[in-house]
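Each residue of the sequence shown is one higher than the last, beginning at 12 in full-length UniProt numbering. The C-beta atom is built at its ideal place from N, Cα and C for all residues, glycine as well. Here the structure is a predicted model, which is why all the values come from computation and not from measurement. Inspection log for the structure reproduced underneath, given as structure tokens.
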Amino acid sequence: LDANLFSEESHAIIDFIADYYHDIEQYPVRSQVEPGYLSKRLPDSPPIFSEPIATILEDIKKDIIPGLTHWQSPNFYAYFQANASTAGFLGEMLCSGFNVVGFNWIASPAATELESIVMDWMAKMMKLPASFHFSGGQGGGGVLHGSTCEAVVCTLVAARDRALRRLGHDGITRLVVYTSDQTHFTVKKASKIIGIPTSNFRELPTSWPLDYALTADTVRTAMEADMAQGLVPLYLCATVGTTAVGAVDPLFELGQLAAEYGVWFHIDSAYAGSSAICPEFRHYLDGVELADSISMNPHKWLLTNMDCCCLWIKNPSLLVDSLSTNPEILRNEASDANVVVDYKDWQIALSRRFRAIKLWLVIRRYGVANLMEHIRSDVALAKHFEGLVTMDERFEVVVRRKFSLVCFGLKPKFEACDRTSELNRQLLEAINTSGRAFMTHAVVNGDFVIRFAIGTTLTEKRHVDQTWKLIQSKATDILNT
Ligand code: PLP
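Written as structure tokens, this is what we have:
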């Protein structure tokens, strides 16, 4: 690595990215390319000799950008946003600039220690109980993973091994995982990975009158039925801010039930957990003190560029019991003396990125006050959009909004119910193919509805207003045909 060339070329790339952000509104938000487009444009073998960065950037402009769906466009309202920010980007640069691999403490003491400190900062920002803080003195602590999926796999493995120490290895066929029909499929995937029989994975029903929250009664009934069959409840996942509709499960009731049945209680707050830094949203985490673990993704809604998932756990030694390896080549005095955290034992991979420096930079550059403002302004925009929807009598908001996700659609009364889903499907496709905005859908109560997820850093009121006009005009076209 030549430091002078590095400086020259990285400036070129930064200018290129800055231009991209200047021009971002001119691109169709959802990529318009056909499958396989890229192999028609790129050579099928690699270059033998070095190519200049300017040529490569030209090709990125010509061939790659058309195949991007522009997640950072202010008119991106799909899935949940992947926040980008200047501090998040600069933090990511520092992370890959140093390119240290802090799998254990000695491999980069600052990487490990900063991660523990920043996890405590984040825990304090979300007002998590001291039992999840390193500094709480109760054995708890946090770790940064790349995704919720990895975090859930690790907690499930710890829960499984704890249960199997009691039941014996063959007990795995009896272990049951409980989720709701709104829980992110990450838990199902994790259960498959760790060997839970598919037939022992429960997706318990939720309903519209209860805002799609999982009730403790529903879980209790399911657990009792399973136990009567000789099965063993293992793990219960509650969600704060479900993916489809933004529902919140009642943590306190579910936590009490989990304790009564001796199951691991995990809270997935991938999207909405960030909002807990604002006092007015913190109540959605009431009951977190009963959880064994909680995860949330600053890369969704806390201005931290991909990837960054926080996982806190009350008893990390259970993770370490399941995930630790102690090869001779990694042995060192600090680890042997058991006076340090070796994060390799809190995750799946050995190698790990210095994500903590990114989150640390984000928190320091913005400060908690600006991060709170970021959440609040998105929620205010969502409220504004909701107001626009309710003012047009052809539309309705279909789920009570809690955060910055609005689920809406054309009202059934304008058409027979079964046709409403079809109309909403057509409406969504018309919006997305226009290239002027991108939204995705959910099926709620059997109906196809449109999700309007606000949170992209560049989205302002004017974008929401323009997009609403687009939605209205596409609806008029569809209803008139
Ligand atoms: N949980 C919830 C509630 C989500 O909304 C998502 C993604 O949108 C996930 C988990 C998956 O997160 P990850 O991609 O970090 O695994």
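Boundaries around W275 are those of the beta strand (DSSP E), 275-279, since no alpha helix (DSSP H) includes it. Beta-bridge annotation (DSSP): E214 is paired with T190. In the structure shown, W82 adopts coil according to DSSP, grouped into three states. Sequence-distant Cβ neighbours of A122 in its own chain, meaning closer than 7 Å and more than five residues away, are V111, G113, F365, A367.
With a cutoff of 8 Å on beta-carbon distance, K369 and C106 are scored as near each other.
By the neighbour-count criterion, in which 16 or more other beta carbons inside 10 Å mark a residue as buried, A236 falls on the exposed side. Short note on C165: C-beta not closer than 7 Å to any heavy atom of the ligand PLP.
Look at the segment 259-313 and you find these whole runs of beta strand (DSSP E), each 3 residues long or longer: 275-279, 304-307. The distance from the Cβ of A227 to that of L268 is about 5 Å, consistent with a contact at the 8 Å cut-off. Taking a C-beta distance under 8 Å as the contact criterion, S191 and L215 qualify as a contact pair.
In its chain, beyond the 5 residues on either side, T217, Y223, L225, T250, T253, T254, A255, V256, A258 have a beta carbon closer than 8 Å to the beta carbon of Q193. For R462, the enclosing beta strand (DSSP E) covers residues 458-464.
For F91, same chain residues with a beta-carbon under 6 Å away, outside a window of 5 residues either side, are Y282, K311, A464 in chain order.
Separation of the CB atoms of F276 and A302 is rounded to 5 Å, and the pair is thereby assigned contact status at 8 Å.
Beta-carbon to beta-carbon, T470 and L392 are separated by about 7 Å, close enough to satisfy the 8 Å threshold.
G99 is the residue among L416, M136, E20, G99 whose C-alpha sits nearest the C-alpha of T315. Between W132 and I374, the C-beta spacing is below 8 Å. In the three-state reduction of the DSSP assignment, P58 falls in the coil class. The segment 231-256 is shown to contain no whole alpha helix (DSSP H) run of 4 or more residues. Separation of the CB atoms of M307 and S285 is rounded to 6 Å, and the pair is thereby assigned contact status at 8 Å. Check the Cα spacing between A287 and each of T229, A380, R411, L245: the tightest is with A380. DSSP links W323 through a beta bridge to G153, I305.
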